[in-house]
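Residue numbers (our numbering), protein chains in the order written: chain P, 37 to 327; chain H, 223 to 478; chain C, 22 to 342.
Read through the structure below, which is laid out as C-alpha cells, and then see the notes.
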Amino acid sequence: MNSILSALVFVLLYGVSYGVVLFTISVGLVLTLGLMRVINLAHGAFAAIGGYLAVALMNEAGVPFAAAVAIAVAATAAISVVVERLFYVDLYRASDLDQVLMTVGLMFLTTASLNLLFGPDIIPGDLPPYLARSVDLGIRAFQAYRIFVVMLGMVLILGLWLLFERTEFGARLRAAVDNRGMAEAMGIDVGRLFTIAFVLGSALAALGGAVGYPLFPLEPLYPFKYLTLVLIVVSLADFGNIKASAVAAILVGIVDTGGRYLFPVSGSFLVNALFILVMMHRTGLLRVRIA
Amino acid sequence: MSALLEIIGLQKSFGGLVVTDDIHLALEAGARHALIGPNGAGKTTLVGLLSGIIAPTSGQILLAGSDITRWTPQDRVKAGLVRTFQINSLFPGLTVQQNVLLALSEHLGASAQFWRPIGAQRALFDRARAVLDWVGLGAYTDRRVSDLPYGPQRLVEFAIALSLEPKVLLLDEPAAGVPAADAARLLAAIEQLPSDVAVLMIEHDMRLVRRFARSVTVLVGGSILVSGSPDEVMSDAEVHRVYLGRAGDAGGARHA
Amino acid sequence: MSRALALIARAAIWLSLAAVVLIFPDELSFATAIVVMALFALSLDLLLGYAGIISMGHAVFFGIGAYAAGWLALAGWQEPLSALFLAALAAALAALAIGPLLLRFTGLPLIMVTFVLGVILYEAANKATAITGGDNGLTGFGFAPLFGVFRWSVFNRVEYLYALAFLCAAYHLTRRIVASPFGLALEGIRENATRMMLVGAPVRKHLLRVYVLSAFLAGLAGALGTVTTRFVSLSVFSINSSIDVVVMLVLGGVASLHGPIIGAAVYMIVHHLAAQWNPYHWMFVIGALLLLVVRIGRGGIVGIIAALAKRDRDAARSHAR
Chain P
37 MNSILSALVF
47 VLLYGVSYGV
57 VLFTISVGLV
67 LTLGLMRVIN
77 LAHGAFAAIG
87 GYLAVALMNE
97 AGVPFAAAVA
107 IAVAATAAIS
117 VVVERLFYVD
127 LYRASDLDQV
137 LMTVGLMFLT
147 TASLNLLFGP
157 DIIPGDLPPY
167 LARSVDLGIR
177 AFQAYRIFVV
187 MLGMVLILGL
197 WLLFERTEFG
207 ARLRAAVDNR
217 GMAEAMGIDV
227 GRLFTIAFVL
237 GSALAALGGA
247 VGYPLFPLEP
257 LYPFKYLTLV
267 LIVVSLADFG
277 NIKASAVAAI
287 LVGIVDTGGR
297 YLFPVSGSFL
307 VNALFILVMM
317 HRTGLLRVRI
327 A
Chain H
223 MSALLEIIGL
233 QKSFGGLVVT
243 DDIHLALEAG
253 ARHALIGPNG
263 AGKTTLVGLL
273 SGIIAPTSGQ
283 ILLAGSDITR
293 WTPQDRVKAG
303 LVRTFQINSL
313 FPGLTVQQNV
323 LLALSEHLGA
333 SAQFWRPIGA
343 QRALFDRARA
353 VLDWVGLGAY
363 TDRRVSDLPY
373 GPQRLVEFAI
383 ALSLEPKVLL
393 LDEPAAGVPA
403 ADAARLLAAI
413 EQLPSDVAVL
423 MIEHDMRLVR
433 RFARSVTVLV
443 GGSILVSGSP
453 DEVMSDAEVH
463 RVYLGRAGDA
473 GGARHA
Chain C
22 MSRALALIAR
32 AAIWLSLAAV
42 VLIFPDELSF
52 ATAIVVMALF
62 ALSLDLLLGY
72 AGIISMGHAV
82 FFGIGAYAAG
92 WLALAGWQEP
102 LSALFLAALA
112 AALAALAIGP
122 LLLRFTGLPL
132 IMVTFVLGVI
142 LYEAANKATA
152 ITGGDNGLTG
162 FGFAPLFGVF
172 RWSVFNRVEY
182 LYALAFLCAA
192 YHLTRRIVAS
202 PFGLALEGIR
212 ENATRMMLVG
222 APVRKHLLRV
232 YVLSAFLAGL
242 AGALGTVTTR
252 FVSLSVFSIN
262 SSIDVVVMLV
272 LGGVASLHGP
282 IIGAAVYMIV
292 HHLAAQWNPY
302 HWMFVIGALL
312 LLVVRIGRGG
322 IVGIIAALAK
332 RDRDAARSHA
342 R
C-alpha cells in the first residue's frame with residue numbers, strides 16, 4: 037500500500053511540476069491566440085531565450101539562480117517588445133498562411149542564432165544547492181526543486197486569475213477578446229493591449245524556460261522540440277481559454293509522467309492518444325454522455 | 223394557390239435570448255414580399271434559418287410541400303431556395319466571370335468533372351455571359367472581384383443568386399449602400415425576375431418597399447408585429463410607433 | 022503567346038531538365054532528390070494553393086508512400102512501376118480514412134491539428150523499429166530494372182529520368198485538374214467556403230477528393246525517393262519535412278504549379294550550399310527568405326517574376342503611346 041501511495045504522490049508531484057512549467061511556457065500562446073487570433077508558432081523561442089539567458093548568466097557570470105531568472109525574464113520581455121513592433125504588428129490582419137510562414141521564419145532565425153551563440157549541444161545547468169537537495173515529505177523524499185516549481189505554479193495561476201478577473205486591465209483584455217470591435221468602440225486601445233498581452237505572454241514563456249530547464253533541456257532546436265507539446269496544450273484548451281489551459285497543461289504533465297512511469301517504452305504516447313481522443317470528441321465523433 | 227415557402231412556428235433561441243419568436247409566414251409562387259423592421263429585429267437571422275446556416279430551436283420550414291427543416295444548405299439551394307447577403311459574400315480573388323461560373327457549375331452538376339477544362343464547356347460560358355449581360359456586368363467579365371467598386375460587387379452578389387435559377391429568392395437589403403447608377407440596374411434586374419419566382423426581400427428603404435412589394439411583414443424583436451399589403455402596414459399606428467416614426471414620415475424610417 | 026509557341030516553350034523546358042543528365046552527370050543524386058521534393062511540393066500546391074487547406078503535416082503521406090515502397094521491395098515485390106503506384110495508393114487510402122475527421126477543422130485549429138498528428142506519426146514510427154528500422158532506416162532492398170532493361174545504379178541516370186518523367190506527368194495532370202470545373206470549385210472553397218455551400222457545392226466531398234489526390238501525389242513522391250535511393254529514413258515523417266515542403270511551396274509561389282517546382286529547387290540548393298558552411302546556418306537564410314516572402318506579399322518567386330514582367334509590359338505599353 038505504501039509503495040502505491042508513494043508512486044501516486046510521485047506521479048502527482050512530478051506530473052504537476054512538469055505541467056506547471058508547461059503551463060507557464062504555453063499560457064502566452066493561449067493568450068495570443070485568444071486575443072489576437074494569431075498563431076505564433078515561434079512562441080517557444082521566448083522560452084528558449086529566457087532559458088538560455090538565465091543559464092548563461094549562472095554559468096558564465098556566476099549570477100545566483102533567482103537573480104539570473106529575474107534578469108532573463110526582464111531581458112526577454114524587452115526583446116519581445118521589439119519583436120512585436122517589428123514583426124507581429126503586421127500579422128494581426130494577415131492570413132493564416134502568412135502567420136504560419138512568418139512565425140516559422142522567426143523560429144528558424146531563433147534556432148540558428150542560438151546555435152551561433154551557444155553551440156549545438158544541450159546546455160548543462162546545475163540547480164543551486166537549496167533547490168537540488170532532497171526534501172522528505174514523509175511518504176518519500178523529493179527534490180526541493182519540484183516542490184518549488186509547484187508552489188511557483190500556484191502563485192502564478194493565482195496571480196493570473198487575479199489579473200484577469202479582478203483588475204481593470206484584465207476586464208479590458210477580456211472585453212477585447214470577446215468582441216474586439218465593440219471594445220474599440222468603447223475607447224479601449226486594443227493595439228496597446230495587444231502589445232502588453234504579447235509581452236506578458238513572452239515574459240511568462242521566458243520564466244518557464246528559465247525555471248524549467250531541468251525539465252525542458254536547452255538546445256538550439258528548443259522552439260521546434262517543444263512546439264508540439266505546447267500546441268497540444270493549446271488545442272486541449274480550446275484555442276484560447278486560459279483557465280482551461282492551466283487544467284490542460286497539468287493534465288498533460290500528469291498523463292505524460294504517469295504514462296512514462298507505468299509504461300516506460302510506450303508511455304509517452306498517452307499524451308498523444310489523449311490529444312486525438314479530445315479532438316475527435318470536439319468534432320462530434322465521440323460524444324461522451326454525462327447524465 | 224398553395225404556398226411555395228411555408229414557415230411554421232419557427233423559433234430560435236440562443237440560451238435565454240429569443241431571437242426568432244414563433245414566425246408564421248407563407249409565400250406563394252410569384253410573391254413579392256418585403257420584410258421590414260428595426261435593426262436587431264431578427265431579419266437576417268430569419269434568412270439564416272431559411273438558408274440552413276442556422277439551425278432552428280423549433281418549428282418547420284416547408285418548400286413546395288417538402289419539410290426542409292433538417293436539410294443542409296446545399297440541398298436547399300438545389301431545391302431552389304437561394305439567398306443573397308447583406309454584406310457581400312463573394313469570391314474576391316476570382317474574376318466576375320469565375321464567380322458566376324462557380325455557381326453555374328454547381329447548379330448544372332459540372333463541378334465533379336476534373337479532366338475536361340472548363341474552357342471547353344461552352345454551355346457554361348454561354349449561360350454565364352447571359353447572366354452577366356442581363357445584370358449589366360458584361361464590361362467587368364474578366365475583372366477581379368476584389369478590384370471592383372462596391373456597386374458592381376453588389377451586382378455580382380445578385381448575379382450569383384440568379385445563376386442558380388431560384389424558385390424562392392431571399393434578398394437581404396440588395397441595394398444597401400449602392401450608388402445610384404448601379405442601384406438602378408439592380409432594381410431593374412429585380413423587377414425583371416421571372417414572375418413565378420417567390421421573392422422575400424429584407425429592406426429598410428420604404429420607397430423600394432412601395433415599389434416592389436405586394437405584401438409586407440413587420441418584424442420587431444424577433445416576432446411578427448403585423449402582415450398585410452403595403453398600404454395596410456404603412457398606415458398601421460403600431461407600426462408607426464415602433465418603426466416608421468411620425469405618421470407619413472417614411473423618410474424617418476431610413477436607418478444608417 | 023500563341024498556343025503552339027507556349028507548347029514549344031514548355032517542351033523545351035522539360036527537355037532541358039532532362040538534359041541535366043548530360044550537363045551535371047556527377048550531381049544526379051542531388052538532382053533526383055530535388056525532383057522528388059518538387060513532386061512533393063506540387064502535391065501540396067493542389068491542397069494549399071488551390072483549395073486553401075493549410076496542412077502542416079503533409080509529410081505523413083510522403084512517409085507512408087516511402088515506407089510502403091520499401092516494405093514492398095523487402096517483401097519481394099520489386100517491380101518499380103507497380104510498387105510505386107501501390108505505395109502511392111497506400112497514402113491515398115490513409116487520406117481517405119483520416120480526411121473526414123481532419124477536414125472538419127478549419128483555419129488555426131486545422132494547422133495545429135495537422136502539425137501535431139504529423140509529430141505523433143513520427144514518434145510512432147520512431148518507436149516501431151521493427152517495421153521502420155528506427156534511426157537506421159530501411160535498407161537492404163533493391164528494385165528490378167525498369168521495364169526489365171534499365172538498371173538502377175550509382176550513376177543515377179535512370180533514377181533521375183525516371184523521377185523527372187513522373188514529375189512531368191504529375192505536373193500535366195494537376196494542370197488539367199486545376200483548369201477543370203473541379204479546380205475552379207476548389208478555388209471557390211479557398212475564397213469563400215460558406216458561399217460555396219450556399220451555391221450548392223458539396224464542400225466536404227470536394228475537399229476530401231483533393232485531399233486524397235494530394236496524398237496520392239505526396240505518397241508517389243515518397244515512393245519515388247525510396248526507389249531512387251533504395252533507402253528510407255525516419256526523416257520522411259519529420260516535422261522538418263512538413264515545414265520544409267510548405268516553405269518550398271511558398272518560396273516558389275502558391276497556386277501556380279510551376280512555383281513549387283522552382284521553390285523546391287531553390288530551397289534545396291540554398292540548403293545544400295549553406296549546410297556545407299554549418300549545419301544550422303541555412304536556417305538564417307531560409308528564415309530571412311520566409312520573412313521576405315511574407316513582407317513582399319503574394320506570389321513567391323513566380324509572383325515576383327510575374328509582377329516584374331507586368332511592369333515591363335505596362336512600361337512598354339505606355340512608351341508605345
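For every residue, glycine included, the Cβ atom is placed at its ideal position computed from N, Cα and C.
Just to confirm the assignment: which complete alpha helix (DSSP H) runs, minimum length 4, are found wholly within the segment 238–266 of chain P?
As far as the segment 238–266 of chain P is concerned, its whole alpha helix (DSSP H) runs of at least 4 residues are 258–261.
Using the C-alpha atoms, what's the distance from His462 of chain H back to Arg468 of chain H?
As a position in the second sequence, residue 468 of chain H is number 246, starting the count at 1. As a position in the second sequence, residue 462 of chain H is number 240, starting the count at 1. Because the pLDDT at Arg468 of chain H is just 48, under 50, the model does not fix this residue reliably, and the point stays unresolved.
On a CA-only basis, which of P:Gly227, P:Val247 and P:Ile75 is nearest Ile107 of chain P? Give me that one, please.
To locate residue 107 of chain P, count along the first sequence from 1; it is residue 71. In this structure, P:Val247 is the residue among P:Gly227, P:Val247 and P:Ile75 with its C-alpha nearest to the C-alpha of Ile107 of chain P.
Own chain partners of Val52 of chain P with C-beta closer than 8 Å, once the 5 adjacent residues on each side are dropped:
Residue 52 of chain P sits at position 16 when you count from the first residue of the first sequence. So the qualifying residues of the chain are Val186, Gly189, Ile286, Gly289 and Ile290.
Would the beta-carbon of Val224 of chain C fall within 8 Å of that of Ala236 of chain C?
Taking the first residue of the third sequence as position 1, residue 224 of chain C is located at position 203. Taking the first residue of the third sequence as position 1, residue 236 of chain C is located at position 215. For the pair Val224 of chain C and Ala236 of chain C, the CB atoms are not nearer than the 8 Å cut-off.
Round the Cβ separation of Val42 of chain C and Leu49 of chain C to the nearest angstrom and send it over; I've been treating them as touching at under 8 Å.
As a working mapping, residue 42 of chain C is identified with position 21 in the third sequence. As a working mapping, residue 49 of chain C is identified with position 28 in the third sequence. Contact between Val42 of chain C and Leu49 of chain C holds: their C-beta atoms lie close to 7 Å from each other, under 8 Å.
Going straight from the alpha carbon of Ser281 of chain P to that of Pro130 of chain C, what length do you get?
Looking up residue 281 of chain P in the first sequence gives position 245. Looking up residue 130 of chain C in the third sequence gives position 109. Rounded to the nearest angstrom, the two C-alpha atoms are 15 Å apart.
Counting along the chain, where does the beta strand (DSSP E) carrying Arg254 of chain H start and finish?
Here residue 254 of chain H refers to the residue found at position 32 of the second sequence. Arg254 of chain H -> beta strand (DSSP E) spans Arg254 to Ile258.
Beta-carbon contacts of Asp471 of chain H that lie in its chain and below 6 Å, excluding the five residues immediately before and after:
Your numbering for residue 471 of chain H matches position 249 in the second sequence. With a pLDDT of 44 at Asp471 of chain H, under the threshold of 50, the modelled position of this residue cannot be trusted, and the question is left open.
Beta-carbon separation of Ile282 of chain C and Ile322 of chain C under 8 Å?
Position 261 of the third sequence, counting from 1, holds the residue named residue 282 of chain C. Position 301 of the third sequence, counting from 1, holds the residue named residue 322 of chain C. Not a contact, by the Cβ cut-off of 8 Å.
Of the choices C:Ala25, C:Met58, C:Thr53 and C:Asp47, whose alpha-carbon is the least far from that of His279 of chain C?
Against the third sequence, residue 279 of chain C aligns to sequence position 258. His279 of chain C has its Cα closest to that of C:Met58, out of C:Ala25, C:Met58, C:Thr53 and C:Asp47.
Exposure label - Ile34 of chain C; buried when at least 16 CB within 10 Å
Taking the third sequence and counting its residues from 1, one reaches residue 34 of chain C at position 13. Exposed, by the Cβ-count rule.
For the alpha helix (DSSP H) containing Glu454 of chain H, list its first residue and its last residue.
Stepping through the second sequence from its first residue, residue 454 of chain H is reached at position 232. Its alpha helix (DSSP H) spans residues Pro452 to Met456.
Within this structure, are the beta carbons of Gly274 of chain H and Ile230 of chain H separated by less than 8 Å?
In the second sequence, counting from the first residue as 1, residue 274 of chain H sits at position 52. In the second sequence, counting from the first residue as 1, residue 230 of chain H sits at position 8. Contact flag unset, no.
If you draw a straight line from the alpha carbon of Ser262 of chain C to that of Ala80 of chain C, how long is it in whole angstroms?
As a position in the third sequence, residue 262 of chain C is number 241, starting the count at 1. As a position in the third sequence, residue 80 of chain C is number 59, starting the count at 1. Whole-angstrom Cα-Cα distance: 6 Å.
Does any CB atom of chain P fall closer than 8 Å to the CB of His79 of chain C?
Numbered from 1 along the third sequence, position 58 holds the residue referred to as residue 79 of chain C. His79 of chain C does not count as touching chain P.
Quick one, are the C-beta atoms of Leu271 of chain H and Pro260 of chain H less than 8 Å apart?
The residue labelled residue 271 of chain H in the question sits at position 49 within the second sequence. The residue labelled residue 260 of chain H in the question sits at position 38 within the second sequence. Annotated as distal: Leu271 of chain H and Pro260 of chain H, with beta-carbon spacing of 8 Å or more.
So, are the CB atoms of Leu241 of chain C and Leu65 of chain C less than 8 Å apart?
For the purposes of this step, residue 241 of chain C is taken as residue 220 along the third sequence, with counting starting at 1. For the purposes of this step, residue 65 of chain C is taken as residue 44 along the third sequence, with counting starting at 1. Contact: no.
Does DSSP classify Val378 of chain H as helix, strand or coil?
In the second sequence, residue 378 of chain H corresponds to position 156, counting from 1. For Val378 of chain H, the secondary structure class from DSSP, reduced to helix, strand or coil, is helix.
Could you work out which residue in C:Ala112, C:Ala309, C:Phe106 and C:Ile132 is closest to Ser76 of chain C when comparing CA atoms only?
Here residue 76 of chain C corresponds to residue number 55 of the third sequence, with the count starting at 1. Minimum Cα distance to Ser76 of chain C is reached at C:Ile132.
Tell me the DSSP secondary structure of His75 of chain C in three-state form.
Sequence index remark: in the third sequence, residue 75 of chain C carries index 54 (1-based). Contrary to the premise, residue 75 of chain C reads as Ile rather than His in this sequence. Annotated three-state conformation of Ile75 of chain C is coil, per DSSP.
Take the Cβ of Phe144 of chain P as the centre, count every other Cβ of all protein chains shown within 10 Å, and call the residue buried at 16 or more, exposed below.
As a working mapping, residue 144 of chain P is identified with position 108 in the first sequence. Using a 10 angstroms sphere on the CB of Phe144 of chain P, the tally of other CB atoms reaches 16 or more, which defines it as buried.
Where the alpha helix (DSSP H) containing Gln320 of chain H begins and where it ends:
Residue 320 of chain H sits at position 98 when you count from the first residue of the second sequence. Run containing Gln320 of chain H: Val318 to His329, per the alpha helix (DSSP H) assignment.
Considering only their Cβ atoms, is the gap separating Ala165 of chain C from Glu100 of chain C smaller than 8 Å?
Here the question's residue 100 of chain C lines up with position 79 in the third sequence. Here the question's residue 165 of chain C lines up with position 144 in the third sequence. Cβ atoms of Glu100 of chain C and Ala165 of chain C: closer than 8 Å.
Hey, how far is the Cα of Ala248 of chain H from the Cα of Leu188 of chain C?
Counted from its first residue, the second sequence places residue 248 of chain H at position 26. Counted from its first residue, the third sequence places residue 188 of chain C at position 167. Rounded to whole angstroms, Ala248 of chain H to Leu188 of chain C spans 58 Å at the Cα level.
DSSP state of Gln233 of chain H, grouped into three classes?
In the second sequence, residue 233 of chain H corresponds to position 11, counting from 1. If DSSP states are grouped into helix, strand and coil, Gln233 of chain H belongs with the strands.
Within 8 Å of any Cβ in chain P, is that where the Cβ of Tyr301 of chain C sits?
The sequence position of residue 301 of chain C within the third sequence is 280, counting from 1. True, the Cβ-Cβ gap to chain P drops below 8 Å.
Below 8 Å on the Cβ atoms is my contact criterion, and I expect Ala343 of chain C with Phe258 of chain C to pass it. Report the Cβ-Cβ distance as a whole number of Å.
An answer regarding residue 343 of chain C cannot be provided, because it is not within the stretch 22 to 342 covered by chain C.
Does the beta carbon of Phe136 of chain C come closer than 8 Å to any beta carbon on chain P?
For this step, residue 136 of chain C is matched to residue 115 along the third sequence. Taking Cβ atoms only, chain P reaches closer than 8 Å to Phe136 of chain C, which makes this a yes.
What residues from chain C crowd round Asp134 of chain P, counting only those whose CB sits closer than 7 Å?
If you number the first sequence from 1, residue 134 of chain P lands on position 98. Chain-order list of chain C residues neighbouring Asp134 of chain P: Val315, by C-beta distance under 7 Å.
Is there a Cβ of chain P sitting closer than 8 Å to that of Val323 of chain C, yes or no?
For the purposes of this step, residue 323 of chain C is taken as residue 302 along the third sequence, with counting starting at 1. Using a Cβ-Cβ cut-off of 8 Å, Val323 of chain C does not count as an interface residue toward chain P, since no Cβ of chain P sits closer than that to its own.
Please report the distance separating the alpha-carbon of Ala114 of chain P from that of Arg228 of chain P.
To locate residue 114 of chain P, count along the first sequence from 1; it is residue 78. To locate residue 228 of chain P, count along the first sequence from 1; it is residue 192. C-alpha separation (whole angstroms): 15 Å.
Cβ-based contacts, 8 Å cut-off: residues of the segment 270–286 of chain C near chain H:
Look at the segment 270–286 of chain C: it has no residue with a C-beta under 8 Å from a C-beta of chain H.
At a Cβ threshold of 8 Å, is Trp35 of chain C touching chain H?
The residue you call residue 35 of chain C lines up with position 14 of the third sequence. For Trp35 of chain C, the nearest beta carbon of chain H is not closer than 8 Å to its own beta carbon.
Minimum Cβ-Cβ distance from Lys148 of chain C to chain P less than 8 Å
In the third sequence, counting from the first residue as 1, residue 148 of chain C sits at position 127. A Cβ of chain P is located within less than 8 Å of the beta carbon of Lys148 of chain C.
With C-beta atoms as the reference, is Phe311 of chain P less than 8 Å away from Ile278 of chain P?
Your numbering for residue 311 of chain P matches position 275 in the first sequence. Your numbering for residue 278 of chain P matches position 242 in the first sequence. In this structure, Ile278 of chain P does not lie closer than 8 Å to Phe311 of chain P by Cβ.
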